[in-house]
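Novice: If you're matching positions, the sequence shown starts at 46 in our numbering and goes up one per residue.
Idealized CB from N, CA, C, for every residue including glycine.
Remember, predicted model here, so these are calculated numbers, not experimental data.
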Amino acid sequence: MNRKLHVYSRGRALFERARKVIPSGIPGHFNPVVQKPHGAYPYYAQSSRGARFRDVDGNEYIDYMCAYGPMILGYGNPVVESAYRAQMKKADTCTLASPVMVELAEFLVDLVPIADWATFAKNGADATNMAVLIARTATGRRKLIAIEGGYHGSSPWMLSIERGGIDPADHQHVIRIPWNDIDALRRTLDQNHGEVAAFISSPYHHPVYQDNELPAAGYWPEAHRLLKKHGVVSICDDVRAGFRIDMGGSNEYFGYRPDLICFCKAIANGYPISAVAGRDSLKDAAGTIFQTGSFWFSAGAMAAALACLQELARIDAPARILEIGRKFTEGLTNIAAGQGLMLKASGMPSMPYLRMEHESGIEFHQALCGECARRGLFMASHHNLFVSAAHTEQDLEQTFAIFDEALAAVRTSC
Ligand SMILES: Cc1ncc(COP(=O)(O)O)c(C=O)c1O
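#1: Can you name, in chain order, every residue of its own chain whose Cβ lies under 6 Å from the Cβ of LEU178, other than the five neighbours on each side?
#2: Thinking just about the alpha-carbon of each residue, which of LEU204, ARG186, TRP341, ARG187 is nearest to the one in GLU193?
#3: Let me check you understand the geometry: is the CB of THR173 closer than 8 Å to at least one non-hydrogen atom of ligand 1?
#4: Would PHE288 be called buried (16 or more neighbouring beta carbons within 10 Å of its own) or exposed?
#5: By the three-class DSSP mapping on this structure, what secondary structure does GLY121 have?
#6: So does VAL219 have its beta carbon nearer than 8 Å to some heavy atom of ligand 1?
#7: Around ligand 1, which residues pass a check of Cβ closer than 6 Å to any of its heavy atoms?
#8: Between which residues of its own chain and HIS428 is the CB-CB distance below 6 Å, once the five residues before and five after are set aside?
#9: Measuring alpha carbon to alpha carbon, tell me which of PRO317, PHE448, HIS216, ASN296 ends up nearest GLY421.
#10: Could you check if CYS281 is buried or exposed, using at least 16 other CB atoms within 10 Å of its CB as the buried criterion?
#11: By alpha-carbon positions, which one of HIS251, ALA451, GLN91 ends up nearest to SER391?
#12: Thinking just about the alpha-carbon of each residue, which of CYS459, ALA160, GLY276 is nearest to the one in ARG187?
#13: Using the C-alpha atoms, what's the distance from LYS274 back to ALA163?
#14: Quick one: what's got a C-beta closer than 8 Å to PRO82's C-beta in the same chain, skipping five residues either side?
#15: Start and end of the alpha helix (DSSP H) containing ARG371?
#16: Under the three-state reduction of DSSP, which class applies to VAL455: helix, strand or coil?
#17: What separation, rounded to the nearest whole angstrom, lies between the Cα atoms of MET146 and MET133?
#18: From what residue to what residue does the alpha helix (DSSP H) around ILE179 run?
#19: What is the DSSP secondary structure of GLN355, reduced to helix, strand or coil?
#20: Under a Cβ-count criterion, where at least 16 other Cβ atoms within 10 Å of its own Cβ denotes burial, should THR374 be classed as buried or exposed?
#21: Whole beta strand (DSSP E) runs in the region 263-336 with 3 or more residues, listed along the chain?
#22: Might you give, ordered along the chain, the residues of its own chain that have their beta carbon closer than 8 Å to the beta carbon of LEU50, omitting 5 neighbours on each side?
#23: Output the boundary residues of the beta strand (DSSP E) element that contains PHE75.
#24: Bridge partners of GLU105, per DSSP?
#25: In chain order, what are the residue ranges of uninterrupted beta strand (DSSP E) at least 3 long that sit wholly in the region 223-250?
#26: Taking DSSP as the reference, what is the three-state secondary structure of TYR398?
#27: Hey, is the region 157-171 in contact with the region 298-307, meaning 3+ C-beta pairs nearer than 8 Å?
#28: ASP100: buried (16+ other C-beta within 10 angstroms of its C-beta) or exposed?
#29: Pair every Cβ in the region 214-234 with every Cβ in the region 348-358, then say whether three or more of these pairs are closer than 8 Å.
#30: Please state whether DSSP places LEU422 in a helix, a strand or coil.
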């Protein structure tokens with residue numbers, strides 16, 4: 046079947062209007078200039094439901110970016126929506142925090158094995174920033190060890206030094222080491238003995254433009270032995286992977302116990318809230334730092350988070366999403382093999398990173414993802430994808446049919 050290719054005339058017109066009043070039209074990674082090939086991706090969403098959305102031209106997509114992670118139960122999930130609406134009838138952003146903040150903290154403390162307390166913010170970067178401030182306050186040290194290519198948000202110390210406006214001084218106390226490199230961690234800790242406040246890392250390595258890498262056997266236990274020996278706080282940045290691998294924090298799956306965990310993306314199925322959860326030993330430090338924001342007490346998002354977490358736990362979402370992810374990656378890999386090409390899926394199946402093995406760059410893969418978008422299958426080419434609990438067998442079947450057709454189209458044109 047040859048599908049009609051999507052056109053984006055309304056989206057493009059809106060983008061031209063946007064460029065006059067919004068710097069770059071669409072900021073950040075949703076910018077169509079970042080999404081290559083240019084013109085292959087839609088510009089603005091009109092509506093969303095389940096695992097699909099429609100753009101402003103009326104084209105429909107099966108969505109494997111899930112808003113870059115927040116959507117986990119499906120857009121417009123009724124359980125989350127009704128909890129949100131019920132709270133909004135009572136109070137949202139108000140002079141005082143709402144009781145639901147306490148209920149949410151209690152729920153997280155019960156859910157997450159390392160958590161004796163939890164505190165809330167809005168974005169992932171708020172949470173990772175807070176975690177670092179807590180670690181510095183608790184240890185009285187300044188330095189931070191992070192992984193090369195690891196992303197923790199868009200605050201100056203987290204961004205690559207080449208980005209606009211970043212001062213090298215912002216990175217003065219951040220030491221980057223390669224992923225899975227215990228010798229580098231040992232050396233860095235020895236060389237900076239008594240100066241390192243925290244080691245911040247995602248539970249597995251999910252950089253952009255590169256295969257994603259799981260921890261090597263024994264990596265986390267040995268890393269933790271070293272961190273403990275040097276009195277360094279272990280921060281698990283579970284902003285991206287949180288609740289797609291293990292409800293208790295992705296560290297549980299990989300067999301280690303950090304001191305602090307940062308959650309965000311999937312915690313409230315799209316409502317804006319992040320959390321830092323931590324051990325009792327860091328509670329006083331967490332109570333001492335000053336971090337807040339105009340909307341950090343908004344109760345609607347907290348009610349949404351509580352309902353989302355309860356629902357994720359009820360349906361054992363991580364197991365379900367991992368299973369759907371396995372079917373998804375196996376299906377795509379088999380289709381590629383059927384057309385004589387090797388598709389590599391790396392990372393966890395609930396957040397797979399895809400790449401074509403025959404190329405060293407990602408040009409062919411970019412073209413392929415562009416052809417998929419034009420046919421109603423949305424996947425970014427430079428970033429891991431996201432699978433949700435709302436993706437159905439029917440979505441998978443349609444996904445495979447589109448992928449097969451898009452791959453044949455790229456092979457013909459390359
Ligand atoms: C692992 C990780 N940490 C932190 C962040 C920052 O989150 P936010 O964009 O909500 O500030 C992200 C965002 O993609 C992330 O993937």
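Specialist: For this structure:
#1: Indexing the sequence shown from 1 puts residue 178 at position 133. ILE334.
#2: Start at 1 with the first residue of the sequence shown, and residue 193 comes out as number 148. Looking at the Cα atoms, LEU204 is the closest of the given residues.
#3: As a working note, residue 173 is residue 128 in the sequence shown. Flag set: Cβ of THR173 near ligand 1.
#4: If you number the sequence shown from 1, residue 288 lands on position 243. It is buried - the Cβ of PHE288 has at least 16 other Cβ atoms within 10 Å.
#5: Here residue 121 refers to the residue found at position 76 of the sequence shown. In the structure shown, GLY121 sits in coil (DSSP, three-state: anything other than H, G, I, E or B).
#6: Here residue 219 refers to the residue found at position 174 of the sequence shown. Placement of the Cβ of VAL219 at a distance of 8 Å or more from every heavy atom of ligand 1 is found.
#7: Qualifying residues come out as ASN168, GLY169, ALA170, THR173, TYR196, HIS197, GLY198, SER247, ASP282, VAL284, ARG285, CYS309.
#8: Sequence index remark: in the sequence shown, residue 428 carries index 383 (1-based). Its chain contains VAL253 as the residues whose beta carbon lies nearer than 6 Å to that of HIS428, once the 5 sequence neighbours on both sides are disregarded; these appear in chain order.
#9: Along the sequence shown, read from residue 1 onward, the residue named residue 421 stands at position 376. Nearest C-alpha to GLY421: PHE448.
#10: Working through the sequence shown from its first residue, we reach residue 281 at position 236. So CYS281 counts as buried.
#11: As a first step, residue 391 is located in the sequence shown; it is residue number 346 there, counting from the start. Taking SER391 as reference, the option from HIS251, ALA451, GLN91 with the minimal CA-CA separation is HIS251.
#12: Here residue 187 refers to the residue found at position 142 of the sequence shown. The shortest C-alpha to C-alpha distance from ARG187 to any of CYS459, ALA160, GLY276 is the one to GLY276.
#13: Here residue 163 corresponds to residue number 118 of the sequence shown, with the count starting at 1. Here residue 274 corresponds to residue number 229 of the sequence shown, with the count starting at 1. Answer to the nearest angstrom: the Cα atoms are 26 Å apart.
#14: Reading the sequence shown from its first residue, position 37 is the one you call residue 82. If you ignore the 5 residues before and after PRO82, its C-beta comes within less than 8 Å of the C-beta of GLN411, ALA412, GLY415, all in its own chain and listed in chain order.
#15: Looking up residue 371 in the sequence shown gives position 326. Element bounds for ARG371: 362-383.
#16: For this step, residue 455 is matched to residue 410 along the sequence shown. Look at VAL455 here: in three-state DSSP terms it is helix.
#17: Taking the first residue of the sequence shown as position 1, residue 146 is located at position 101. Taking the first residue of the sequence shown as position 1, residue 133 is located at position 88. Distance between the alpha carbons of MET146 and MET133: 14 Å.
#18: Position 134 of the sequence shown holds residue 179. Counting along the chain, the alpha helix (DSSP H) containing ILE179 begins and ends at 169-184.
#19: Against the sequence shown, residue 355 aligns to sequence position 310. Looking at GLN355 - three-state DSSP - the assignment turns out to be helix.
#20: Looking up residue 374 in the sequence shown gives position 329. Looking at its Cβ environment, which holds 16 or more other Cβ atoms inside 10 Å, THR374 is buried.
#21: If we require 3 residues or more, the beta strand (DSSP E) runs fully inside the region 263-336 come out as 278-282, 305-308, 319-323.
#22: By 1-based counting over the sequence shown, the position of residue 50 is 5. Cβ contact annotation for LEU50 (same chain, cutoff 8 Å, sequence separation greater than five): ARG419, ARG420, in chain order.
#23: Against the sequence shown, residue 75 aligns to sequence position 30. Annotation: PHE75 is outside any beta strand (DSSP E) and is labelled neither H nor E by DSSP.
#24: Along the sequence shown, read from residue 1 onward, the residue named residue 105 stands at position 60. In the DSSP secondary-structure assignment, GLU105 is bridged to ARG99.
#25: Runs of the beta strand (DSSP E) inside the region 223-250: 241-246.
#26: As a first step, residue 398 is located in the sequence shown; it is residue number 353 there, counting from the start. Annotated three-state conformation of TYR398 is strand, per DSSP.
#27: Yes, they touch.
#28: Indexing the sequence shown from 1 puts residue 100 at position 55. By the neighbour-count rule (16 or more Cβ atoms within 10 Å), ASP100 is buried.
#29: In short, these stretches do not touch, since the Cβ pair count stays below three.
#30: What you label residue 422 is simply residue 377 of the sequence shown in a count that begins at 1. Looking at LEU422 - three-state DSSP - the assignment turns out to be strand.
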